[in-house]
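In full-length UniProt numbering, the protein residues as written are 1 to 670.
Glycine residues also receive a C-beta, built at the ideal position from the N, C-alpha and C atoms.
Predicted model only: the values in this text are computed from it and were never measured.
Everything on this sheet refers to the single structure shown next.
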């Protein structure tokens with residue numbers, strides 16, 4: 001016998017619960033009860049009471065007028081019966097009501113459901129839920145699209161399976177039914193499953209009337225045999241419709257009036273929307289970081305503004321990065337693992353982040369309210385290095401205003417006024433910069449704290465002596481110890497003070513014989529050259545130093561014609577004991593102006609294929625109305641043959657790229 005067979009109200013109606021409408025009636029009864037309706041009674045009858053049962057219907061509700069005196073005994077317990085009936089009805093009669101809500105994705109294949117973009121930040125990734133399965137020795141392959149498509153294959157280790165409670169799928173095509181195979185061992189047996197994973201199109205959220213394309217196009221120029229499987233992360237950007245609309249408010253001059261405006265200071269206007277993706281050698285996007293994962297130009301929150309830069313891989317397969325007032329760690333599934341505000345007193349992080357073997361992270365920042373020798377307080381520009389632990393606490397600080405000479409202007413006065421880092425002015429292209437003694441504080445060329453005198457754009461950590469190597473675009477390459485003392489300087493000798501001049505490396509030839517070089521860096525009877533306005537001065541696995549020599553202001557001057565400029569990727573061997581430097585390899589000079597990159601860019605030696613990987617982020621930057629080319633190359637170290645050349649075209653004209661990096665999926669999910 002059912003606990004409740006009939007419900008009587010003051011109506012003569014029979015209600016059959018053939019389609020779960022009982023749930024609605026119970027809710028209505030409950031509302032009446034809450035409103036104090038007292039004429040509801042719930043007598044419990046069995047079939048002997050003369051009520052008609054209905055085969056196939058679990059419940060029949062009859063509503064009629066109760067007038068019999070024998071039922072009045074229930075009147076004292078009306079509310080209890082109502083509440084009890086509702087509780088029993090929900091708990092025992094209507095399980096469908098208990099499970100009210102939308103259905104979850106069903107299991108597919110031998111595991112659970114497939115979730116595309118599981119963290120909401122990377123739409124070309126997916127997770128296959130484990131659904132309680134214990135598996136090992138997992139290998140994932142995303143099959144290539146079409147005849148020449150590039151397959152992406154990688155192992156998945158135990159830690160990743162536990163971290164995601166699923167199998168991470170990386171390297172999907174956009175707007176495509178991706179074919180994916182999973183090989184694994186379960187219960188001692190080798191198994192293989194196949195999946196079809198559908199993705200949507202990725203979207204550029206920052207388009208305006210300047211847009212030439214929606215996405216940045218990638219054109220393969222050359223891909224040599226044996227390099228077809230390469231994947232490259234491109235760290236580039238796109239202009240926002242409003243441009244730079246936020247500034248720090250600086251301290252007024254002591255002679256300023258009450259109604260005089262506060263000056264702008266710091267480098268907060270260094271603000272642009274990220275465009276971060278991985279591309280294969282066919283020019284296909286295989287990963288995308290949503291622009292709003294870390295950034296939002298539709299709001300005025302400074303914590304989500306800035307310039308996403310310095311994306312560097314950690315030994316765990318995660319990535320660190322900086323953007324404005326924050327630094328991050330994220331993985332290829334789009335999971336943000338660390339999202340830290342810069343420590344109090346520091347601001348405007350750009351260009352570089354790098355994890356050290358000490359489980360710390362080095363960041364390039366500015367200093368808030370820095371007190372100059374003349375007593376003025378300013379926000380400094382790209383001249384401080386912070387070391388922080390994973391919780392964001394400060395471990396150490398390098399203040400370059402105290403370590404180097406912020407008044408040295410030998411290269412500053414020789415720069416092309418048309419491009420300083422990503423600040424581009426086409427009207428000034430090819431003109432030599434002029435330094436004014438009263439240049440306003442802020443992100444502008446000038447000497448002294450509060451101006452862009454150092455412009456550090458890369459950091460390398462040297463574990464053998466616990467020191468850092470900095471690329472200071474406007475000074476040179478410098479190595480500094482934990483004690484804040486300069487170990488050596490790689491730059492022309494002009495303009496250094498007496499103390500720092502003693503730290504200059506002396507150029508030598510292959511036989512370690514000294515070269516005769518002028519103060520401006522011109523070396524006689526030699527291919528040796530210093531790097532000018534350089535980027536990514538990093539240590540190679542061979543112990544050498546590789547540098548992208550942009551070449552602006554070469555020999556501390558502008559050439560007669562802009563087309564005489566060239567860039568190089570160059571490798572130096574440094575003898576710290578004898579304080580000498582030897583140039584052991586170079587590429588790019590022979591390609592001339594068509595390979596010239598006035599700003600940004602990267603070089604990094606790749607031991608797995610014995611190549612120099614480079615990305616020139618500003619090729620043809622000064623051609624009005626044209627997309628800027630980011631030229632991605634792998635150059636054979638022995639022969640200097642081009643093994644890979646891909647051209648990345650900006651989506652808006654004269655918009656620079658920043659860096660790229662080689663991605664090996666085999667190390668992403670261990």
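Contact check between the segment 472 to 487 and the segment 526 to 538: three or more CB pairs, one atom from each, fall below 8 Å, which counts as touching. Counting the other CB atoms within 10 Å of its CB gives residue 243 a total below 16, which places it among the exposed residues. If only uninterrupted alpha helix (DSSP H) runs of at least 4 residues are considered, those enclosed by the segment 469 to 506 are 498 to 501. Here the alpha carbons of residue 567 and residue 592 stand approximately 7 Å from one another.
A buried status is given to residue 160, since no fewer than 16 other beta-carbon atoms sit within 10 Å of its beta-carbon. In the three-state DSSP reduction, residue 333 falls in the coil class, being neither helix nor strand. 7 Å or more divides the Cβ of residue 349 from the Cβ of residue 458. Annotated as proximal: residue 544 and residue 571, with beta-carbon spacing under 7 Å. Under DSSP, the beta-bridge partners assigned to residue 612 are 605, 635. For residue 649, the enclosing beta strand (DSSP E) stretches over residues 642 to 653. Note that the segment 163 to 179 touches the segment 324 to 343; at least 3 beta-carbon pairs, one per stretch, sit closer than 8 Å. Under DSSP, residue 395 shares a beta bridge with no residue. With contacts defined as CB atoms closer than 7 Å, residue 499 and residue 488 fail to qualify as a contacting pair.
Under the DSSP assignment, residue 401 falls in the alpha helix (DSSP H) whose first and last residues are 400 to 403. For residue 350, the secondary structure class from DSSP, reduced to helix, strand or coil, is coil. Counting along the chain, residue 163 sits inside the alpha helix (DSSP H) bounded by residues 158 to 164.
Taking 7 Å as the cut-off, the Cβ atoms of residue 661 and residue 626 do not count as close. A straight line joining the alpha-carbon of residue 310 with that of residue 354 spans about 8 Å. By the C-beta criterion, the segment 607 to 616 is judged not to be in contact with the segment 182 to 193, since fewer than 3 inter-stretch pairs fall below 8 Å. Annotated as distal: residue 646 and residue 579, with beta-carbon spacing of 7 Å or more. Every beta strand (DSSP E) of 3 residues or more that sits fully in the segment 178 to 234 is shown, in chain order, as 189 to 198, 217 to 223.
Residue 274: member of the beta strand (DSSP E) spanning 273 to 280, first to last residue. For residue 324, the three-state secondary structure derived from DSSP is strand.
Note that the C-beta distance between residue 274 and residue 298 is not below 7 Å. In chain order, 250, 265, 370, 372, 441, 449, 450 place their CB closer than 7 Å to the CB of residue 378, counting only its own chain and leaving out the 5 sequence neighbours on each side. The residue among 148, 620, 493 with its C-alpha nearest the C-alpha of residue 628 is 620.
Contact check for residue 347 and residue 388: beta-carbon distance about 14 Å, past the 8 Å limit, so the pair fails to qualify.
Residue 525 and residue 584 have their alpha carbons spaced roughly 16 Å apart. Of all alpha-carbon atoms in 109, 399, 234, 651, the one lying nearest the alpha-carbon of residue 191 is that of 109. Counting every other CB atom within 10 Å of its CB across the protein chains shown gives residue 557 a total below 16, marking it as exposed. For the segment 101 to 156, the continuous beta strand (DSSP E) assignments of 3+ residues that do not extend past its boundaries occur at 114 to 116, 125 to 129, 136 to 142, 152 to 156, in sequence order. Apart from the 5 residues on each side of it in sequence, residue 390 sits with its Cβ closer than 7 Å to the Cβ of 338, 359 in its chain, given in chain order. Exclusion of the five residues before and after residue 509 leaves 515, 526, 528, 582 as the residues of its chain whose Cβ lies within less than 8 Å of its Cβ. By alpha-carbon distance to residue 176, the top candidate from 123, 636, 416, 447 is 123.
DSSP, reduced to helix, strand and coil, places residue 251 outside both helices and strands of the structure shown, so it counts as coil. Put simply, of 178, 548, 115, 111 the residue whose alpha carbon is nearest the alpha carbon of residue 143 is 178.
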